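The numbers in the numbering used here rise by one with no breaks, and the one at position 293 of the sequence shown is 293. We treat Cβ as the ideally placed atom computed from N, Cα and C, and that holds for glycine. As the structure is a computational prediction, the values presented were derived from the model and not from experiment. Worksheet: the structure to be examined is printed underneath.
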Amino acid sequence: MKHIKKGILGLVIIGMLFGLCACGEKGTIKIASKPMTEQYILTEILAQLIEAETDYKVEITKGVGGGTTNIHPALVEGEFDLYPEYTRTAWLNVLKKEEMEKDDDKLYASLQEEYDGMGLTWIGLYGFSNTYGLAMKEETVEQYGLSTYSDLAAASGELVFGGNPDYIELETGFPRLCEAYHMTFKDTVQMEIALKYEALKNGEVDVINAFTTDAQLAANDLVLLTDDNVFFETFDAGTIVRKDTLEKFPKLQGVLEKMNGLISEDEMQQMNYEVEVNGREDKEVARQFLEGKGLVGAKSKTEGD
Numbered sequence: 001m002k003h004i005k006k007g008i009l010g011l012v013i014i015g016m017l018f019g020l021c022a023c024g025e026k027g028t029i030k031i032a033s034k035p036m037t038e039q040y041i042l043t044e045i046l047a048q049l050i051e052a053e054t055d056y057k058v059e060i061t062k063g064v065g066g067g068t069t070n071i072h073p074a075l076v077e078g079e080f081d082l083y084p085e086y087t088r089t090a091w092l093n094v095l096k097k098e099e100m101e102k103d104d105d106k107l108y109a110s111l112q113e114e115y116d117g118m119g120l121t122w123i124g125l126y127g128f129s130n131t132y133g134l135a136m137k138e139e140t141v142e143q144y145g146l147s148t149y150s151d152l153a154a155a156s157g158e159l160v161f162g163g164n165p166d167y168i169e170l171e172t173g174f175p176r177l178c179e180a181y182h183m184t185f186k187d188t189v190q191m192e193i194a195l196k197y198e199a200l201k202n203g204e205v206d207v208i209n210a211f212t213t214d215a216q217l218a219a220n221d222l223v224l225l226t227d228d229n230v231f232f233e234t235f236d237a238g239t240i241v242r243k244d245t246l247e248k249f250p251k252l253q254g255v256l257e258k259m260n261g262l263i264s265e266d267e268m269q270q271m272n273y274e275v276e277v278n279g280r281e282d283k284e285v286a287r288q289f290l291e292g293k294g295l296v297g298a299k300s301k302t303e304g305d
């Protein structure tokens with residue numbers, strides 16, 4: 001009987017020890033990304049920075065189908081702890097706002113207020129905006145002496161515009177752009193997104209609609225014209241994180257704040273280029289970027305092997 005009691009007591013003590021270990025274990029920070037190269041790189045930057053600055057474990061789920069549509073509700077439910085997002089994507093797709101707030105600071109303040117009610121917050125804007133732009137070959141820009149959208153408008157009668165059907169036909173897309181800048185192109189050609197850059201390179205079109213961090217911009221030595229009347233709103237990138245995650249991982253906020261203004265548009269474009277065109281791993285590109293910023297130590301050749 002005494003042996004049985006001792007055995008039970010031993011099990012109770014072991015159970016208590018396991019319980020204490022479990023209480024001390026904070027778990028894993030779960031990061032999600034949309035199914036696009038830029039997001040894969042950003043989540044790697046976030047994960048590697050967190051792991052370099054803390055003893056927290058990080059798990060990345062890359063390429064969540066549906067992007068914001070599926071990541072946001074999963075974040076609210078606690079399936080993920082944080083993910084990279086774009087301000088006006090959140091404004092339109094999550095908050096379902098019909099009117100676009102033009103002032104970036106007011107929009108960000110409104111986002112913070114509304115997300116606070118969902119138990120979420122934005123920490124750190126990375127420093128770049130992945131928004132719409134107009135791209136041209138450098139030689140064409142020099143030939144017509146172009147720099148801004150207004151310059152383009154004056155020369156548009158001699159140029160051909162190429163774009164994907166969704167953008168060309170969208171009422172708030174190409175027609176609105178032409179109306180705002182009084183552009184009247186010689187011709188308009190519709191083509192799939194993947195073919196736009198090739199058509200521009202081959203001289204089939206003179207101007208295309210682009211995203212400002214597209215890898216192909218760096219690959220083809222193209223020029224993004226200046227949106228001098230600020231027609232295209234910014235889509236600033238930043239981190240959305242659960243507030244209870246910040247409480248559970250107290251060092252996390254300080255790490256995320258290091259992302260403030262860390263990445264320029266050109267740097268993001270170049271990183272996308274390294275992955276999409278040069279075929280490098282997103283993890284490797286993220287590591288090199290952080291090393292260049294002095295935020296993580298450079299790996300030795302042995303460590304990298």
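Span of the beta strand (DSSP E) around residue i
i             : result
lysine 248    : Element bounds for lysine 248: not the beta strand (DSSP E) but the alpha helix (DSSP H), 243 to 248.
isoleucine 71 : Not the beta strand (DSSP E): isoleucine 71 falls in the alpha helix (DSSP H), residues 68 to 77.
leucine 200   : First-last for leucine 200: 193 to 201, but that is the alpha helix (DSSP H), not the beta strand (DSSP E).
valine 189    : 187 to 190
Buried versus exposed call for residue i [16 or more other C-beta atoms within 10 Å across all chains shown]
i                 : result
serine 147        : exposed
lysine 102        : exposed
serine 264        : exposed
glycine 24        : Residue placement at glycine 24 cannot be trusted, given a pLDDT of 40 that sits under 50; what the coordinates show is reported in the next sentence. Looking at its Cβ environment, which holds fewer than 16 other Cβ atoms inside 10 Å, glycine 24 is exposed.
threonine 28      : exposed
leucine 17        : Any reading at leucine 17 needs caution, since the residue's pLDDT is 41, under 50, leaving its predicted position unreliable; the model's value is listed next. Exposed is the call here.
alanine 286       : buried
phenylalanine 205 : Reading off the sequence, residue 205 comes out as valine, not phenylalanine. Burial call: buried.
lysine 96         : exposed
threonine 121     : buried
aspartate 105     : exposed
isoleucine 13     : In this prediction, isoleucine 13 scores a pLDDT of 43, lower than 50, which makes its location untrustworthy; no coordinate-derived value is stated.
histidine 182     : exposed
lysine 30         : buried
phenylalanine 235 : buried
lysine 26         : exposed
threonine 69      : exposed
glutamine 216     : buried
aspartate 282     : buried
aspartate 116     : exposed
phenylalanine 231 : exposed
aspartate 228     : exposed
cysteine 21       : Residue placement at cysteine 21 is poorly supported in this model, since its pLDDT is 41, which falls under 50; the coordinates still yield a value, given next. Exposed: under 16 other Cβ atoms inside 10 Å.
arginine 242      : buried
Start and end residues, alpha helix (DSSP H) containing residue i
i                 : result
phenylalanine 289 : 282 to 292
phenylalanine 174 : 174 to 181
glutamate 171     : Note, glutamate 171: premise wrong, no alpha helix (DSSP H); not H, not E.
glycine 119       : Note, glycine 119: premise wrong, no alpha helix (DSSP H); not H, not E.
valine 255        : 252 to 257
Where residue i sits in the DSSP three-state scheme
i              : result
methionine 100 : coil
alanine 47     : helix
methionine 136 : strand
valine 58      : strand
isoleucine 263 : coil
threonine 89   : helix
valine 296     : coil
lysine 106     : helix
valine 277     : coil
glycine 145    : coil
threonine 37   : helix
leucine 111    : helix
leucine 42     : helix
leucine 217    : helix
leucine 9      : Note that leucine 9 scores 45 on pLDDT, short of 50, meaning its location in the model is unreliable; the coordinates nonetheless yield the value given after this. In the structure shown, leucine 9 sits in a helix (DSSP, three-state: H, G or I).
leucine 95     : coil
aspartate 357  : Lying before the first or after the last residue shown, residue 357 is absent from the chain, which here runs from 1 to 305.
lysine 301     : Reliability fails at lysine 301, whose pLDDT of 40 lies under 50, so the model's placement of it is uncertain and no value is given.
asparagine 130 : coil
asparagine 272 : helix
Residues sharing a beta bridge with residue i, DSSP
i             : result
valine 207    : Phe161
leucine 224   : Ala135
isoleucine 29 : Val58
glycine 65    : Its beta-bridge partners do not exist; DSSP assigns none.
leucine 125   : Gly238
leucine 82    : Ile31 and Val241
Inter-residue CB distance, residue i and residue j (contact presumed, cutoff 8 Å)
i              : j             : result
glycine 127    : leucine 256   : About 14 Å separates the two Cβ atoms, so there is no contact after all.
asparagine 164 : glutamate 38  : So it is not a contact: roughly 18 Å between Cβ atoms.
serine 156     : threonine 184 : 6 Å
valine 277     : alanine 219   : 5 Å
threonine 43   : isoleucine 60 : 5 Å
lysine 293     : leucine 222   : Incorrect: roughly 26 Å between the Cβ atoms, too far for contact.
glycine 162    : lysine 196    : 6 Å
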